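K.L.:
Okay, so the sequence shown: first residue is 11 according to this note's numbering, each after it adds one. Ideal Cβ positions, reconstructed from N, Cα and C, are used throughout, including at glycine. Treat the numbers as computed from the prediction; the structure is a model and nothing was measured.
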Amino acid sequence: MTIKTNKGFTLIEVIVTVAIIAMLAAVLIPSFSGLVEAADENRAILECQNTVKAAQTLYIDHFDNPNLVTKTSIKERAKLNGELVSYDQTLGTILHLQITLGKWTVTYCKNWETCSQHIKLYTTTKISTPAQTKPTT
11 MTIKTNKGFT LIEVIVTVAI IAMLAAVLIP SFSGLVEAAD ENRAILECQN TVKAAQTLYI
71 DHFDNPNLVT KTSIKERAKL NGELVSYDQT LGTILHLQIT LGKWTVTYCK NWETCSQHIK
131 LYTTTKISTP AQTKPTT
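What follows is the structure, given as structure tokens:
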């Protein structure tokens with residue numbers, strides 16, 4: 011008489027394992043997407059900080075002729091991956107600067123404590139569709 015040994019899993023064991031994996035995925039995927047979104051927002055803030063520093067440096071370099079400082083020169087100096095939407099300066103000091111990177115718009119405000127438009131130094135706003143950047147030629 012031969013003894014039969016079953017090697018493998020029963021259908022119930024496979025179904026339970028798949029169900030557990032599906033539940034774990036359902037819980038973990040939204041939390042990972044939240045982390046990715048927070049990382050994208052932080053990246054946009056860092057790009058804005060870098061752009062403000064680049065603009066300030068350009069105004070220091072061209073103090074005698076501030077007309078040489080343009081959106082294009084600021085973007086090139088900062089190596090900005092997004093778009094420089096606007097900036098405002100007085101006597102070479104950057105007061106406001108706004109960039110768009112991916113699905114985030116970041117606004118820098120030097121005097122945010124007294125500004126009626128901003129509540130902190132860097133304000134982020136999520137835009138519904140990512141900005142389309144035009145290739146530079």
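Would you kindly work out how many angstroms separate the C-alpha atoms of residue 28 and residue 46, rounded to a whole number?
P.N.:
As a first step, residue 28 is located in the sequence shown; it is residue number 18 there, counting from the start. As a first step, residue 46 is located in the sequence shown; it is residue number 36 there, counting from the start. Answer to the nearest angstrom: the Cα atoms are 26 Å apart.
K.L.:
Compare the C-alpha of residue 95 against each of 22, 70, 77, 84 and name the closest.
P.N.:
For the purposes of this step, residue 95 is taken as the residue at position 85 of the sequence shown. Per the Cα distances, 84.
K.L.:
Taking the C-alpha atoms as reference points, what is the distance between residue 99 and residue 54?
P.N.:
Start at 1 with the first residue of the sequence shown, and residue 99 comes out as number 89. Start at 1 with the first residue of the sequence shown, and residue 54 comes out as number 44. Those two C-alpha atoms are separated by around 21 Å.
K.L.:
Per the DSSP calculation, residue 107 is bridged to which residue(s)?
P.N.:
In the sequence shown, the residue the question calls residue 107 occupies position 97. Paired residue(s): 97, 118.
K.L.:
Quick check on DSSP: helix, strand or coil for residue 136?
P.N.:
Position 126 of the sequence shown, counted from the start, is the residue given in the question as residue 136. Reduced to three states, the DSSP call for residue 136 is strand.
K.L.:
What does the alpha-carbon distance come out to for the pair residue 40 and residue 112?
P.N.:
Taking the first residue of the sequence shown as position 1, residue 40 is located at position 30. Taking the first residue of the sequence shown as position 1, residue 112 is located at position 102. About 20 Å.
K.L.:
Measure the C-alpha to C-alpha separation of residue 42 and residue 52 and round it to an integer number of angstroms.
P.N.:
Start at 1 with the first residue of the sequence shown, and residue 42 comes out as number 32. Start at 1 with the first residue of the sequence shown, and residue 52 comes out as number 42. Straight-line Cα distance between these residues: approximately 15 Å.
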